[in-house]
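Student:
Residue numbers (our numbering): 48 to 158.
1) Which residues in the same chain as residue 99 place their Cβ atom closer than 8 Å to its Cβ, once the five residues preceding and following it in sequence are excluded?
2) Please report the residue range of the alpha helix (DSSP H) in which residue 72 lies.
3) So for residue 96, helix, strand or coil by DSSP?
4) Considering Cα atoms alone, identify which of 158, 64, 119 is closest to residue 137.
5) Quick one: Cα of residue 155 to Cα of residue 79, how far?
6) If contact is defined by three or more beta carbon pairs under 8 Å, each pair taking one atom from either stretch, is the stretch 73-92 in contact with the stretch 105-119?
7) Under 8 Å between the Cβ atoms of residue 139 and residue 72?
8) Below 6 Å CB to CB, which residues in the same chain sit around residue 173 once its five sequence neighbours on both sides are set aside?
9) Check the C-beta distance from residue 88 over to residue 132 and give it rounded, since I have them as a contact under 8 Å.
10) Excluding the 5 residues flanking residue 148 on each side, which residues of the same chain have their C-beta closer than 6 Å to its C-beta?
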C-alpha cells in the first residue's frame with residue numbers, strides 16, 4: 048500500500064462524517080465510540096431447538112481510553128454460531144457509556 052492509500056484510509060468519508068454528526072446531534076452514545084472489543088466471560092447454554100435463541104452474555108468491554116467495564120448483553124443468535132467463554136469480538140465502545148456498545152456479531156460466523 049502506498050503512502051497516498053494509507054492517508055486516504057485515515058480520513059473518514061463524507062458519509063461517515065455525516066453519520067457521526069447526526070449521532071452527535073441526536074445524542075447517540077455511539078457518536079464518540081472508539082474501536083475496541085468485548086471478552087466473553089459467561090454465556091447461557093444453547094438448547095437444541097429452535098435455531099435462533101436469546102443469549103445472555105456477561106462480558107468485559109475494552110477499548111483505548113476506556114477502563115475495562117463489565118457489561119450484560121441480551122441478543123438473539125443463531126445457535127450454530129453460539130459464543131464461547133473466552134471469545135473476543137470486535138466492538139465500538141463509547142468512552143462515556145461503555146455499556147452502550149455495538150458488537151460486531153458477524154465475527155461469530157468467522158470464528
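Glycine residues also receive a C-beta, built at the ideal position from the N, C-alpha and C atoms. Given the structure is predicted, the values throughout are model-derived calculations rather than measurements.
Tutor: From the atom records:
1) Start at 1 with the first residue of the chain shown, and residue 99 comes out as number 52. Contacts found: 123, 124, 125, 126.
2) Translated into positions along the chain shown, residue 72 becomes position 25. Secondary structure note for residue 72: its alpha helix (DSSP H) is the uninterrupted segment 61-73.
3) The count along the chain shown starts at 1 and reaches residue 96 at position 49. The answer is coil: DSSP assigns residue 96 none of H, G, I, E or B.
4) Translated into the one-based positions of the chain shown, residue 137 becomes position 90. Per the Cα distances, 158.
5) Against the chain shown, residue 155 aligns to sequence position 108. Against the chain shown, residue 79 aligns to sequence position 32. Rounded to whole angstroms, residue 155 to residue 79 spans 25 Å at the Cα level.
6) Between the stretch 105-119 and the stretch 73-92 there are three or more C-beta pairs closer than 8 Å, enough to call the two in contact.
7) Taking the chain shown and counting its residues from 1, the one referred to as residue 139 is at position 92. Taking the chain shown and counting its residues from 1, the one referred to as residue 72 is at position 25. In this structure, residue 72 does not lie closer than 8 Å to residue 139 by Cβ.
8) Outside the shown range of the chain, which is 48 to 158, sits residue 173, and nothing can be said about it.
9) One-based indexing of the chain shown puts residue 88 at position 41. One-based indexing of the chain shown puts residue 132 at position 85. The pair is a contact, with the Cβ atoms about 7 Å apart (cut-off 8 Å).
10) Residue mapping note: residue 148 aligns to position 101 of the chain shown, counting from 1. Take residue 148, set aside five residues on each side of it, and the residues of its chain with a beta-carbon closer than 6 Å to its own are 108, 138, 140, in chain order.
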